[in-house]
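Numbering follows the numbering used here, in which position 119 of the sequence shown is assigned residue number 120; successive positions increment by one, without gaps.
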Amino acid sequence: MMIQRATLLKLSSLIEEEVVLKINGYDVVGFATIIPYAIFEGEEYDVELSITCLDDLELNEITEHTKQLRRIDDTFKYKFQGKLIEKGKLDVGIIIEDKLLDEYQYLIGKYIEITVDRIHVEFL
Numbered sequence: 002m003m004i005q006r007a008t009l010l011k012l013s014s015l016i017e018e019e020v021v022l023k024i025n026g027y028d029v030v031g032f033a034t035i036i037p038y039a040i041f042e043g044e045e046y047d048v049e050l051s052i053t054c055l056d057d058l059e060l061n062e063i064t065e066h067t068k069q070l071r072r073i074d075d076t077f078k079y080k081f082q083g084k085l086i087e088k089g090k091l092d093v094g095i096i097i098e099d100k101l102l103d104e105y106q107y108l109i110g111k112y113i114e115i116t117v118d119r120i121h122v123e124f125l
């Protein structure tokens, strides 16, 4: 489990599970279904991030040594570029940990690009 410290920037008034977090200088729009306590804008929390892919996982090795996460339009979708640092962990400037990445162990130490349907946020 990769615990990261995040500041809650915004709770959506339209979508109950939508949260905007600041993690390592990145603004991340996530989908939080596990919130075991009251949370407040402007406060810091320990969180764990994982990914959701509704269709087949599209993952490609890339030659650029780039770490970035880019939100696609105004959706929950993101395109990640980063380094697969160990089994199930991707460094895109923040750490994304998910079992979906486990089968790509042969790419550990390599840079990859992946598009995900949403970032799942669990408040710990």
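Quick reminder that beta carbons are idealized off the backbone N, C-alpha and C, glycines included.
In this text the structure is predicted, and so the values were computed from the model without any measurement.
Bounding residues of the beta strand (DSSP E) (the contiguous stretch that carries residue i)
i      : result
ILE133 : Residue 133 is absent from the structure shown; the chain starts at 2 and stops at 125.
ASN25  : Looking at the DSSP string, ASN25 is not in any beta strand (DSSP E), and its letter there is neither H nor E.
GLU87  : 79 to 87
Distance between residue j and residue i (C-alpha atoms, nearest Å)
i      : j      : result
LEU85  : TYR38  : 32 Å
LEU102 : LYS88  : 7 Å
SER13  : ASP74  : 17 Å
THR64  : ILE113 : 8 Å
LYS100 : GLY26  : 25 Å
CYS54  : ILE36  : 21 Å
Supposed close pair residue i, residue j - CB separation, criterion 8 Å
i     : j     : result
LEU9  : GLU42 : 5 Å
LEU70 : PHE77 : With 8 Å as the limit, LEU70 and PHE77 do not qualify as a contact, their Cβ atoms being about 12 Å apart.
Checklist entry - Between the region 114 to 123 and the region 15 to 30, do three or more beta carbon pairs fall short of 8 Å? => result yes
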